[in-house]
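Novice: Below is one structure. I have some questions about it.
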Amino acid sequence: MGFLSLAEGSTVTPKQLVLVVAATVGVLALVLLSIDWRPEALQDPARTLGVLNAQGVIRMGENPDRASFSVFELSMFIGVGLAFVLAGVTAWQTRPNRNPGLLLVVAGLLWLAAGVRRSSDPFLFTLGVTLTLMYQPPLLQLALSFPSGVLRSRAERWAVVFFFAAWVAIAVASWAFFDPRLHVAAGQSTSQNLLLLWDGPQLTSAIGDAARVAQVGIGLAIVAVLVSRWRSGSPAYRAAFLPLWLAVIIKTASTVWATLAVVQLTGSLSNEALLWQYPATAMVPLAVLLGLWRYRFARGALSDLMVEIGMAPVSDRLIRALRRSVRDPTLSLWRWSPALAGFVDDDGVPRAVPEDGSGRAAMVLERNGSPVGALVFDEALRDQPQLLAAVRSATSLALDNQNMEQQLRDQLVEVRRSRERIVTAGDARRRELERDLHDGAQQRLVAVSMDLARARRAAGAGEMKELVEQAGRDLAVALAELRELARGVYPPSLRERGLGGSLTALAERSPLPIELEVELPVRPPPQVELAAYFICAEAVTNAAKHARASHLRIGVKGTDGGVSLHVTDNGIGGASPGSDGGLLGLADRAAALGGSLVVTSPEGGGTTVAAVLPFSADPTEDMP
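Residue numbers (the working numbering): 1 to 624.
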């Protein structure tokens, strides 16, 4: 997480706000109560705020025109510290990640605490000297982790720790061999340095030179890192970081001016250089807050774009909206090809996920654990995980909308095909009935009619009797054939005995042994009974004719608002609704009732036909 960090969460709580206010008031009270307002103390160069090394203190002491510490300078000093704290609390309130606000608050408290350097108490003076530049490490972490406030690598975390340790070491080393009471020429200092080991002017000078070299080296390294981050950053990152860059440049220029003024200049110009450090430093928290506000505004605009993206079809319009949202004109959306088991671009060309270091990065989009696409973008966008998460959500929504639309279109096509199959099956059934009536019962009735006509013309009683008996036999056969035809249209047993009784009769007529289990607390509507019966009958017929089964099991159970059933055999398997006309017609019949039919038939594993048939009306015992 970094040297100073908090987990992501909501805005600052009242308890946290009270702690920040209490800490700020406490530090301010300590500073104000500890200031030594005696004239000689106000002129003491060792207590000059913002001057760290001993050589700077000596040069300040050699300047006879140096300004005394004043209420105006104190007001500017406190104003800078409060600017850090207030900007931190504001950033804490407006950011989903609280680290930027925390870092600004800590920097502000450290800045204010350094004000105890104006105290005549040796401990407070020494503490103030040590804390003079301690507000800078939190700002370094903020710069390296901007705008999230979270350091991304172990190297960055170690850099912040090293920077903090280096600043402490420079402060301690600069004063360990320097007694300001012995080395201030114009105006004797009264400040007692508790870090003093012994007074060594030459060693102090060497340490001062080394400290300046170290400060310059650290500063150049930080600038190099930030420039590299700037060059590799996305346009959105640069837009948010720009105010902070400007503030850092102004602050650096004012620091260089103040350092040169203290060492080389005299008079009012040196005093003005020191005073200008206050507004230059105050620009840093304001710039951070402005950058965060720009980032938040960009996220607000991004929310509008996310709505546009989520409503847009997966087309050029979507890609353009995505590119605007992340400010990456090279962003592209690849689709997942199940046939190729990989991603393809808009032209259907297979694409491989970019490797690390290639300058490009990919974010795989998944649905129910399976890939559906990939967003490919500039690798610099990895610095903005919240932005990428929002884009991922919106793009996934667009892909889900497209998938649902495609599923709806497929269902509509299947409904049309189902209706066509139902009409075709109805026509075929009518032709079959016409043929059966013509070849069967109709021919029998014609024969009866002819026999009766011959009987009227019969000469003797014996011949008449024989013809009437033949007509009776033909009528019996015709009646049987008509009953058989009627059973195919609507089995009489359904009307008389219900679904359970009809399935029992079906099991008794079946050439295969059937284990039957029926649980129907309420009799289903006629159309549901008819569909359930035909599904079971077709499954039994298929098992007997094609499955080479030796045993079947039929289970029918009433559910809330419907009937569920399954027919399982121990045959060779391999059946499917698409390859079997009977099962396909039954699937259409189930779909017409708002239900479903599923066939599970692995090779060599038997076949299970399962169906769910909802009640399209309240259950009734009225039958057609």
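Each residue gets a CB set at the ideal place from its N, CA and C atoms; glycine is no exception.
Pull up the distance between the alpha-carbon of Gln202 and that of Ala221, whole angstroms please.
Specialist: One C-alpha to the other measures close to 29 Å.
Novice: Kindly list the residues whose CB is nearer than 7 Å to the CB of Val415, restricted to its own chain and excluding five residues on each side of it in sequence; keep chain order.
Specialist: Correct list: empty, nothing qualifies.
Novice: May I ask you to verify whether the region 112–127 touches the region 163–172, counting CB pairs closer than 8 Å and requiring at least 3?
Specialist: Too few Cβ pairs lie closer than 8 Å, so no.
Novice: Just checking, does the region 456–476 make contact with the region 496–509 on the three C-beta pairs under 8 Å criterion?
Specialist: Counting Cβ pairs under 8 Å, fewer than three are found: no touch.
Novice: Based on Cα-Cα distance, which residue from Gly128, Phe146 and Ala113 lies nearest to Pro100?
Specialist: Looking at the Cα atoms, Phe146 is the closest of the given residues.
Novice: By DSSP, does Glu355 sit in helix, in strand, or in coil?
Specialist: Coil at Glu355, not helix or strand.
Novice: Can you tell me where the alpha helix (DSSP H) holding Pro526 begins and where it ends?
Specialist: From DSSP, the alpha helix (DSSP H) with Pro526 extends over Pro526 to Lys545.
Novice: What's the gap between the Cα of Leu110 and the Cα of Val27?
Specialist: Looking at the two C-alpha atoms, the distance is approximately 9 Å.
Novice: Hey, is Thr13 close to the ligand FAD, as in C-beta under 8 Å from one of its heavy atoms?
Specialist: The ligand FAD is not part of the structure shown, which contains no ligands of any sort.
Novice: What is the residue span of the beta strand (DSSP E) that Thr568 lies within?
Specialist: Thr568 -> beta strand (DSSP E) spans Gly562 to Asp569.
Novice: Give every residue of the same chain whose Cβ lies closer than 6 Å to the Cβ of Glu603, excluding the five residues on either side of it in the sequence, and list them in chain order.
Specialist: Answer for Glu603: Gly573 and Gly574, listed in chain order.
Novice: The alpha helix (DSSP H) spanning Pro371 covers which residue range?
Specialist: From DSSP, Pro371 is part of no alpha helix (DSSP H) but of the beta strand (DSSP E) over Ser370 to Asp378.
Novice: Strictly by DSSP, which residues pair up with Lys15?
Specialist: In the DSSP output, where bridge partners are listed per residue, Lys15 has none listed.
Novice: Leaving out five residues on either side along the sequence, give the residues of the same chain with a beta carbon under 6 Å from the beta carbon of Thr568.
Specialist: Excluding positions up to five away in sequence, the list reads Arg553 and Thr608.
Novice: Do Gly357 and Leu365 have their C-beta atoms within less than 9 Å of each other?
Specialist: Not closer than 9 Å, so no.
Novice: Under three-state DSSP, which class holds Gly605?
Specialist: Coil, per DSSP.
Novice: Tell me which same chain residues have a C-beta within less than 7 Å of the C-beta of Pro614, skipping the five on either side of it?
Specialist: Cβ neighbours of Pro614 beyond the five flanking positions: Gly561, Gly562, Leu593, Gly594 and Gly595.
Novice: For Ala143, tell me which candidate among Ala23, Phe178, Leu82 and Pro285 has the shortest Cα-Cα distance.
Specialist: Comparing Cα-Cα distances from Ala143 to each of Ala23, Phe178, Leu82 and Pro285, the minimum goes to Pro285.
Novice: Between Arg382, Phe84, Leu33 and Val288, which lies nearest to Tyr278 when the distance is taken from Cα to Cα?
Specialist: Taking only the C-alpha atoms, the option nearest Tyr278 is Phe84.
Novice: Can you tell me whether DSSP reads Leu331 as helix, strand or coil?
Specialist: The answer is coil: DSSP assigns Leu331 none of H, G, I, E or B.
Novice: Check whether the Cβ atoms of Gly81 and Thr24 sit closer than 9 Å, and answer yes or no.
Specialist: Going by C-beta atoms, Gly81 is nearer than 9 Å to Thr24.
Novice: Of the residues Glu156, Phe343, Ile170 and Asp588, which one's Cα is nearest the Cα of Ser370?
Specialist: Selected option, being the one with the closest Cα: Phe343.
Novice: So, using beta-carbon positions, are Gly88 and Leu112 closer together than 9 Å?
Specialist: Against a cut-off of 9 Å, the Cβ pair of Leu112 and Gly88 comes out as no contact.
Novice: Per DSSP, which one or two residues make a beta bridge with Met404?
Specialist: None, per the DSSP bridge assignment.
Novice: Anyone know if the C-beta pair for Leu275 and Met134 falls short of 9 Å?
Specialist: No, Cβ-Cβ distance for Leu275 and Met134 is not below 9 Å.
Novice: Considering only residues of the same chain and omitting the five flanking positions on each side of Val31, which have a CB-CB separation below 7 Å?
Specialist: Within the same chain, Val31 has close Cβ partners Leu112, Gly115 and Val116.
Novice: Quickly, what does DSSP pair Ala361 with across the bridge? List them, please.
Specialist: The partner list for Ala361 (beta bridge, DSSP) reads Phe377.
Novice: Between which two residues does the alpha helix (DSSP H) holding Ile170 run?
Specialist: Ile170 -> alpha helix (DSSP H) spans Arg154 to Ala176.
Novice: Would you say Arg360 and Asp378 are within 9 Å of each other, going by their C-beta atoms?
Specialist: Taking 9 Å as the Cβ cut-off, Arg360 and Asp378 qualify as a contacting pair.
Novice: Quick one: what does DSSP say Thr190 is sitting in, helix, strand or coil?
Specialist: If DSSP states are grouped into helix, strand and coil, Thr190 belongs with coil.
Novice: From what residue to what residue does the alpha helix (DSSP H) around Ser596 run?
Specialist: Here Ser596 belongs to no alpha helix (DSSP H); instead the beta strand (DSSP E) covers Ser596 to Thr600.
Novice: Between which two residues does the beta strand (DSSP E) holding Phe645 run?
Specialist: Nothing about residue 645 can be read from this structure; the chain reaches only from 1 to 624.
Novice: May I ask you to report which of helix, strand or coil DSSP gives Thr24?
Specialist: In this structure, Thr24 counts as helix in the three-state DSSP scheme.
Novice: Report back the beta-carbon spacing between Ala471 and Leu506 to the nearest angstrom; my notes put them in contact at under 8 Å.
Specialist: No, Ala471 and Leu506 are not in contact; Cβ-Cβ is about 34 Å, not under 8 Å.
Novice: Rounding to the nearest angstrom, what Cα-Cα distance links Ser189 and Arg181 in this structure?
Specialist: Computed Cα separation, rounded: 5 Å.
Novice: Excluding five sequence neighbours on each side, which residues of the same chain lie with their C-beta closer than 6 Å to the C-beta of Ala455?
Specialist: Met464, Leu467 and Val468.
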